[in-house]
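Mapping of the sequence shown onto our numbering: residues 5 to 345, in sequence order.
Read the structure below first, then the notes.
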Amino acid sequence: MKKILVTGFTRAACTENFHQKSQINLCTAHYSFVECLRDMGWQVDQRPVTAGEDLSGYDKVVVFIMHISPFNSYMYGALWAISQRPDAYLAIEDWQSPKNINTWNRDIDKIVDSVTNDYYINNVVAEKELRPEWKSAFKDAFSIIAAGDRPITLPAHLGGDYKMLFPNWKEDKVHSWFAPAYTLHRQPNVLFPEPKQRIFNFAGLIQSETENWFNKVTKDATWQIMQYGSKSKKQTRLTEEEMVTVFNEQWGILMAGYWHAGSGWWRARPQQVADVGSILICEDKEGAVFGDPYVGLTCAKLEGMTDEQLERLAADQKEAYYTSQPMDKSITRRQIEEYLA
């Protein structure tokens, strides 16, 4: 059996079934990637790499890279893996990463210095020492990444322009995998409560990038807007299973728009909302990937609808989602086969 290593910068990338250890039981994209590999017959080791170890025993190595972040506990091992396996395949786990990664070719030495200073060693990475030969290996790894000519993949819905996330990468090296077919789908505790509450749900942080979108879609809203997730604002934090149950109870589910709208970047929420028969309000470019019922929606538009109209829109969204995103595992397998070719 062919043997493949899946590793990366973060605990999520290096931990099998990470959702079981996550505070909110969040199922990250790595889960679908590893599940598909195993379905394809690979023997998968998903684990951290220790800087300095021999990785020659693997047929292939996949490294999930991320922007420079205090979450990069296993960054040194991941960089070591890339330096020792220049044939390594790269992958992305976070939508925030491409903007940062696309700048790494400007000054590799500066990037290496930023992740080998005392703060990073003492507060971020698992290793609490920096051996002299590692720094040279890390520079080699960043140079391999910055060259933009290694295969790289990201989780994406079908129909988006995912290549827009890496405009400087060689186009034929940018891949995606259809995560929904292999991800862990969450179901509500009670499937169809009667009636749904005329409430808007916003589970996420309102920040500089999402504030304009939030203000636009909530303008003139009179239904209550329930916000979840912010510790600093003392908002309720729910597990993913609990959140899906809340989606099931409320009509309007808001999904913040980000700069990557139109790329098809995978997010679990569209399917979760479709499954419970509620309505997703999202960025138009993002919704267009799923179909017309997702485009042009605001809170005010939903408030002007009768119960029958809300039910019809929810049903139309669900149909459009599953038409545009068929749960066909062969699609994902084919994508990953092309990526690893």
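For glycine and all other residues, C-beta sits at the position ideal for the given N, C-alpha and C.
Nothing here was measured: the structure is a model prediction, and the numbers come from that model.
Taking C-alpha positions only, E341 is separated from V299 by approximately 33 Å. Under the criterion of beta carbons closer than 8 Å, E131 and A55 qualify as touching, at roughly 6 Å.
Looking at the DSSP output, V67 sits in a beta bridge with T11, L94.
Judged by DSSP in its simplified three-state form, Y186 adopts coil rather than helix or strand. In the DSSP annotation of this structure, the continuous segment of the beta strand (DSSP E) that includes W255 starts and ends at 254-259. Bridge partners of C286 according to DSSP: M259. Taking a contact as a CB-CB distance under 8 Å, the pair A82 and T11 counts as one, their CB atoms being some 6 Å apart. Inclusion of G291 and L284 in the CB contact set at 9 Å is warranted, their separation being smaller than that value. Secondary structure at W99: coil, using DSSP grouped into helix, strand and coil.
Between the segment 89-109 and the segment 43-50 there are fewer than three C-beta pairs closer than 8 Å, too few to call the two in contact. Take the alpha-carbon of Y62 and the one of P90: they are about 13 Å apart. Here the C-alpha atom of E312 lies approximately 10 Å from the C-alpha atom of A318. R190 sits away from V250, with the two beta carbons spaced by 9 Å or more. Closest in alpha carbon position to P159, among L30, L314, L59, S180, is S180.
Taking every protein chain shown into account, the CB of S77 has 16 or more other CB atoms within 10 angstroms, so this residue is buried. Between C31 and the set V65, K7, L306, E97, the nearest pair of CA atoms involves E97. For I229, the closest alpha carbon among the candidates F204, T243, I28, E245 is that of F204.
Note on the segment 114-154: whole alpha helix (DSSP H) runs with a minimum of 4 residues are 122-127, 136-151, in chain order.
The criterion of a C-beta distance shorter than 9 Å is satisfied by S73 and F13. Taking a contact to require three or more Cβ pairs closer than 8 Å, the segment 150-157 and the segment 105-120 qualify as touching.
Secondary structure of I335 (DSSP, three-state): helix.
K200 places its beta carbon less than 9 Å from that of G281. CA-to-CA, the gap between E215 and E244 works out to about 23 Å. If you draw a 10 Å sphere on the C-beta of G308, you find fewer than 16 other C-beta atoms in it, and that means exposed. Sixteen is the threshold: since fewer than 16 other Cβ atoms of the shown chains lie within 10 Å of the Cβ of E137, the residue is exposed. Within the DSSP secondary-structure output, D49 pairs in a beta bridge with L9.
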